[in-house]
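Numbering (UniProt numbering), first residue to last: 1 to 202.
A virtual CB, placed ideally from N, CA and C, is assigned to each residue, including glycine.
Source: prediction; values computed, not measured.
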Ligand SMILES: N[C@@H](CCC(=O)N[C@@H](CS)C(=O)NCC(=O)O)C(=O)O
């Protein structure tokens with residue numbers, strides 16, 4: 001497999017998963033410049049001109065949560081995705097999609113300094129609703145975590161949520177709420193993120 005990425009990109013969110021799944025040696029990391037992402041050669045691979053993008057034989061998988069889901073399912077024996085018939089499968093998918101949808105939208109909107117009034121005016125059509133709703137959703141999920149989102153076993157959804165939260169917190173896009181701390185501290189202890197400097201810094 002090949003993972004097109006860039007050291008400054010959200011492609012980094014996939015790296016702990018590769019380590020956790022024990023497939024780091026099987027995935028060739030192709031570091032590409034932002035300029036190259038707009039070249040015809042790369043646009044043939046991902047017309048969005050973005051990373052990350054995973055190639056596995058004839059499959060081209062872009063979009064971060066699709067890569068999380070694809071790899072965790074491909075190596076389902078490693079225990080990072082609930083099986084199709086596992087009752088926890090739905091919640092697992094919910095968290096992957098939440099990170100990509102409402103949480104990412106909030107991060108984008110905050111980075112663009114969109115005002116509270118503008119958000120409120122569009123609340124019903126925004127995937128995130130309001131900033132507070134996003135925090136409430138995470139707080140409720142984490143208050144029910146035992147200690148992971150799906151119970152006593154970690155999943156790819158924990159890795160994605162923790163990485164994305166830490167990214168947003170360290171770049172001061174969202175606040176480091178007390179309710180996030182036990183979960184983030186738990187994931188911080190994992191060997192797969194121990195070399196991610198800013199992950200350890202929050
Ligand atoms: N929806 C994509 C977004 C990926 C994305 O925005 N990647 C950025 C880096 S973090 C990128 O490749 N930007 C290059 C560009 O837009 O020129 C995903 O979640 O994977």
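Taking C-alpha atoms, which residue in 10, 5, 62 lies nearest to residue 36?
-> Nearest of 10, 5, 62 to residue 36, Cα basis: 5.
Nearest to residue 14 by alpha carbon, out of 63, 38, 32?
-> Selected option, being the one with the closest Cα: 63.
What is the rounded straight-line gap between the Cα of residue 79 and the Cα of residue 159?
-> Rounded to whole angstroms, residue 79 to residue 159 spans 13 Å at the Cα level.
Closer than 7 Å: residue 52 CB and nearest ligand 1 heavy atom | A distance criterion of 7 Å places the beta-carbon of residue 52 in contact range of ligand 1, judged by its closest non-hydrogen atom.
To which residues of the same chain is residue 135 closer than 7 Å at the C-beta, ignoring the five residues directly before and after it?
-> The answer, listed in chain order, is 177.
If we ignore side chains and look at the alpha-carbon of each, how far apart do residue 17 and residue 167 end up?
-> Per the coordinates, the alpha-carbon of residue 17 lies some 16 Å from the alpha-carbon of residue 167.
First and last residue of the beta strand (DSSP E) that includes residue 77?
-> First-last for residue 77: undefined, no H or E at that position.
Between which two residues does the beta strand (DSSP E) harbouring residue 20 extend?
-> Taken as a continuous stretch (DSSP letters only), residue 20 belongs to no beta strand (DSSP E), being part of the alpha helix (DSSP H) at 14 to 21.
Answer yes or no: the CB of residue 4 versus the heavy atoms of ligand 1, is any distance below 7 Å?
-> No, the beta carbon of residue 4 sits no closer than 7 Å to any heavy atom of ligand 1.
Between residue 130 and ligand 1, is the CB less than 7 Å from at least one heavy atom?
-> Every heavy atom of ligand 1 is 7 Å or more from the Cβ of residue 130, so no.
In the DSSP assignment, find the unbroken alpha helix (DSSP H) run with residue 118 in it and report its ends.
-> Residues 116 to 122.
How many angstroms separate the CA atom of residue 60 from the CA atom of residue 67?
-> Answer to the nearest angstrom: the Cα atoms are 10 Å apart.
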